[in-house]
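Everything below concerns the one structure shown next.
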């Protein structure tokens with residue numbers, strides 16, 4: 006999943022899909038690349054199950070699987086908590102330093 | 007005692023960078039010293055369960071640093087250089103896990119005097135790819151779980167950065183099947 010998101014174009018596609026479903030043609034519009042190239046990027050995102058494509062509608066709009074990002078958010082939050090624990094240890098060190106200075 | 011605001015983290019969209027901000031109930035001079043004095047630094051930098059031993063910590067322009075984290079009989083060495091050190095203001099340094107020497111991050115620590123003996127710390131880490139950054143922000147430990155969950159085969163091949171958490175990644179990488187000589 007993370008490898009699939011390592012590419013800037015794919016990250017951009019994902020960001021735009023977070024506003025709502027879009028067709029390949031719509032997604033390709035802002036890029037200086039062929040629809041085929043955009044389709045390739047979408048295949049990568051699809052195989053990583055980040056996006057899905059409707060089998061029914063003819064335009065086959067691309068849909069972002071939101072829960073993937075909930076999981077990523079959870080990881081970032083987990084990292085933030087680790088950082089916070091580290092800085093709480095720094096709080097303790099700073100507090101000891103103050104006491105030492107006041108002695 | 008003023009309320010301590012929890013650490014905030016921002017992942018930038020355009021560059022593989024992480025910005026962390028945190029306020030401390032101490033003046034910039036003290037926060038700076040807790041980063042430059044190796045004895046103080048060792049007390050807070052690493053995860054609780056890893057023993058950190060600082061081999062070298064020359065926190066000055068052109069100085070070098072190296073330290074080791076030990077866990078379950080394994081050693082994880084980290085090293086880098088200090089590029090710019092301005093007392094109570096700025097520390098610019100590089101950071102690398104020795105198992106992946108090509109993956110070097112650039113780190114900048116800025117201290118802002120908030121008055122009343124308080125300081126805002128802003129720490130940015132610029133890593134070498136978005137993939138590395140995803141690893142840094144802690145996802146790597148769960149590559150295996152995710153692979154199961156999404157039916158994917160994922161091979162973490164980057165290690166990097168973000169202070170103590172790199173060690174946690176180093177550990178998770180070894181246990182998830184990288185060649186032993188990679189760590």
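Residue numbers (the working numbering), protein chains in the order written: chain C, 6 to 108; chain F, 7 to 189.
All residues carry an ideal CB built from backbone N, CA and C; glycine is no exception.
Quantities reported herein were computed from a predicted structural model and do not represent experimental measurements.
query: Could you please tell me which residues of the region 30-44 of chain F, in chain order, have their CB closer than 8 Å to any CB of chain C?; result: 30, 31, 32, 36, 37, 39, 40
query: Roughly how many whole angstroms lie between the Cα atoms of residue 46 of chain F and residue 39 of chain F?; result: 8 Å
query: Name the chain C residues whose beta carbon is nearer than 8 Å to that of residue 19 of chain F?; result: 16, 20
query: Rounded to the nearest angstrom, what separates residue 102 of chain F and residue 73 of chain F at their Cα positions?; result: 11 Å
query: For residue 68 of chain F, which of F:117, F:139, F:92 has the nearest alpha-carbon?; result: F:92
query: Which residues in chain F sit within 8 Å of residue 68 of chain C, going by Cβ to Cβ distance?; result: Ordered by position in chain F, no residue passes the 8 Å Cβ test against residue 68 of chain C, which lies about 16 Å from the chain.
query: For residue 33 of chain C and residue 43 of chain C, which I take to be in contact (beta-carbon distance under 8 Å), what is that distance rounded to the nearest angstrom?; result: 4 Å
query: What would DSSP say about residue 102 of chain F, mapped onto helix, strand or coil?; result: strand
query: Return the residues of the region 26-58 of chain C that lie within a Cβ-Cβ distance of less than 7 Å from chain F, sorted by chain order.; result: 53, 54
query: DSSP on residue 114 of chain F, reduced to helix/strand/coil?; result: strand
query: What's the gap between the Cα of residue 133 of chain F and the Cα of residue 107 of chain F?; result: 13 Å
query: CA-CA distance, residue 87 of chain F and residue 52 of chain F?; result: 19 Å
query: Check whether the region 26-44 of chain F and the region 120-132 of chain F touch, using three or more Cβ-Cβ pairs below 8 Å as the test.; result: yes
query: Taking C-beta to C-beta, are residue 44 of chain F and residue 94 of chain F nearer than 8 Å?; result: no
query: What does residue 89 of chain C reach in chain F if we use C-beta pairs closer than 8 Å?; result: 12, 13, 28
query: When DSSP labels each residue in this structure, what does residue 14 of chain F get in the three-state scheme?; result: strand
query: For residue 121 of chain F and chain C, any beta-carbon pair shorter than 8 Å?; result: no
query: Within 10 Å of its beta-carbon, does residue 22 of chain F have 16 or more other beta-carbons around it, so buried, or fewer, so exposed?; result: buried
query: On the premise that residue 130 of chain F lies in contact with residue 24 of chain F, defined as a C-beta separation below 8 Å, what is that separation, rounded to the nearest angstrom?; result: 7 Å
query: Using the C-alpha atoms, what's the distance from residue 63 of chain F back to residue 80 of chain F?; result: 22 Å
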